[in-house]
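A short write-up of the structure that comes next.
There are 2 protein chains.
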Amino acid sequence: MMKDFECTQESYAREVLREKGLKSTAQRLAVVHILHMSGKSLSIGEIHCGVKDLLGNTGLATIYRTLEMFEDLGIVKRLHFPDGGHGYTFSQGEHVHHMVCVDCRGVFDFSECPAENFDYASVEKQGFRMKDHFIQLFGQCGKCVEAA
Amino acid sequence: MMKDFECTQESYAREVLREKGLKSTAQRLAVVHILHMSGKSLSIGEIHCGVKDLLGNTGLATIYRTLEMFEDLGIVKRLHFPDGGHGYTFSQGEHVHHMVCVDCRGVFDFSECPAENFDYASVEKQGFRMKDHFIQLFGQCGKCVEAA
DNA sequence: TATTAAATGAGAATAGTTTTCAACTAATTT
DNA sequence: AAATTAGTTGAAAACTATTCTCATTTAATA
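Those protein sequences? They're chains A and B, same order as listed. In this text, residue positions in the first sequence follow the working numbering: the first is 1, and each later residue adds one. In this text, residue positions in the second sequence follow the working numbering: the first is 1, and each later residue adds one.
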């Protein structure tokens with residue numbers, strides 16, 4: 001389906017889906033494609049529009065279902081904006097953090113974890129069992145700084 | 001109006017409101033009271049119920065308005081849960097981070113910032129201008145570990 | 001190519017949030 | 001203490017976001 005020449009991201013998604021016995025549908029690959037191409041985080045609505053541009057009519061429910069599944073599979077990450085909105089960005093399951101431009105919502109990954117050397121002893125002393133952490137940096141990207 | 005004996009949190013909120021020329025209504029102080037008493041993060045619905053218990057009928061819109069305002073004023077912080085839900089917790093504007101129990105949604109503050117010693121040079125090299133960061137640790141608190 | 005389990009689209013249903021506006025109230029002034 | 005006034009509230013409507021249902025379609029496999 002879709003295309004003959006696929007980028008690594010699409011192959012990666014195909015592979016993850018196949019391993020779980022899930023289908024690589026045109027809609028799912030289109031979501032990957034759009035997220036990958038955009039270079040920034042996209043809202044549900046933006047993703048929906050993008051998929052419709054690629055495939056013609058596509059149900060919004062499919063986008064919701066796909067993104068939820070992709071998040072579980074580690075194919076996308078959901079970002080939380082200060083205003084309560086959400087953005088989605090492609091991910092290959094690595095432990096990366098995100099620097100988000102609050103103006104254009106561009107996403108810039110960085111793999112060094114700011115909390116890498118943090119001593120969790122004080123936290124764990126209280127019996128707390130750490131599972132995960134979520135770090136997001138907010139600011140303005142170079143372009144938006146200039147434009148302002 | 002409300003109570004004769006106020007805790008520091010309520011006085012703090014009164015003060016912040018007064019400075020901005022905003023009114024210290026029973027509804028607003030009730031929100032502070034509930035957040036402070038609960039010792040964990042609360043959802044909008046839980047806060048609404050709590051305020052209704054204290055004051056009798058209270059509009060849900062007021063809760064939304066109050067929390068939005070309080071967030072702007074730094075009186076509450078909004079937490080983002082992995083499932084997309086939100087929780088609110090009292091704050092006095094200090095720079096603290098939160099450890100959140102994914103089971104009971106209890107919130108445990110810690111003032112040491114995990115990212116304190118992180119070198120943002122690589123980020124800033126790309127022209128990114130940092131404004132803020134958001135860090136949240138997820139896990140299970142001692143009680144929920146035992147209960148499981 | 002036939003089979004089958006998974007996925008989709010459409011729209012209804014539900015949940016979450018914001019807006020509007022007349023009535024009300026905290027804080028200030030007289 | 002009463003009058004003033006600007007900010008605030010409740011209620012319902014309006015709007016937005018998300019999930020569900022089910023008949024139809026499709027990817028993967030045999």
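No residue lacks a Cβ here, since even glycine has one placed at the ideal position from N, Cα and C.
Below-8 Å beta-carbon distance, residue i vs any chain A residue
i	result
B/LYS131	yes
B/CYS141	yes
B/VAL145	yes
B/ILE135	yes
B/PHE128	yes
DSSP state of residue i mapped onto helix, strand, coil
i	result
B/HIS86	strand
A/GLN92	coil
A/LEU137	strand
A/ARG105	coil
A/LEU42	strand
B/LYS52	helix
A/LYS131	strand
A/ASP4	Only weak support is given to the placement of A/ASP4: the predicted model assigns it a pLDDT of 44, under 50, and the question is left unresolved by the model.
Chain B contact for residue i (CB, 8 Å cutoff)
i	result
A/ILE63	no
A/PHE138	yes
A/HIS86	yes
A/PHE118	yes
A/VAL96	no
A/HIS48	no
A/MET69	no
A/VAL31	no
A/SER122	yes
A/ALA152	Residue 152 of chain A lies beyond the residue range present for chain A, which begins at 1 and ends at 148; the question has no answer from this structure.
A/MET99	yes
A/PHE90	no
A/HIS80	yes
Residue i, enclosing beta strand (DSSP E) - first and last residue
i	result
A/LEU79	76–80
Distance, residue j Cα to residue i Cα
i	j	result
B/VAL96	B/GLY39	15 Å
B/ILE135	A/LEU17	31 Å
A/GLU112	A/GLY142	20 Å
B/GLY84	B/SER24	31 Å
A/MET130	B/PHE90	22 Å
B/CYS49	A/GLU124	33 Å
A/LEU52	A/GLU46	Sequence check: residue 52 of chain A is Lys here, not Leu. Rounded to whole angstroms, A/LYS52 to A/GLU46 spans 10 Å at the Cα level.
A/TYR12	B/GLY93	43 Å
A/ASP119	B/PHE110	12 Å
B/PHE128	A/ALA148	13 Å
B/THR8	B/GLU15	10 Å
B/GLU71	B/ARG28	12 Å
B/CYS149	A/ALA121	Here chain B comprises residues numbered 1 to 148, so residue 149 of chain B is not present and cannot be evaluated.
A/ARG65	A/MET37	21 Å
A/GLN126	B/GLN126	39 Å
CB contact flag (residue i, residue j, <8 Å)
i	j	result
A/ILE44	A/ILE63	yes
B/TYR88	B/LEU35	yes
B/SER41	B/VAL145	no
B/ALA30	B/LEU55	yes
A/CYS101	A/GLY139	yes
B/HIS98	B/LEU79	yes
B/PRO114	A/ALA115	yes
B/GLU19	B/HIS33	no
B/ASN117	A/ASN117	yes
B/HIS133	A/LEU137	yes
Start and end residues, alpha helix (DSSP H) containing residue i
i	result
A/PHE118	Looking at the DSSP string, A/PHE118 is not in any alpha helix (DSSP H), and its letter there is neither H nor E.
A/ALA13	8–19
A/ALA147	142–147
A/PHE70	60–73
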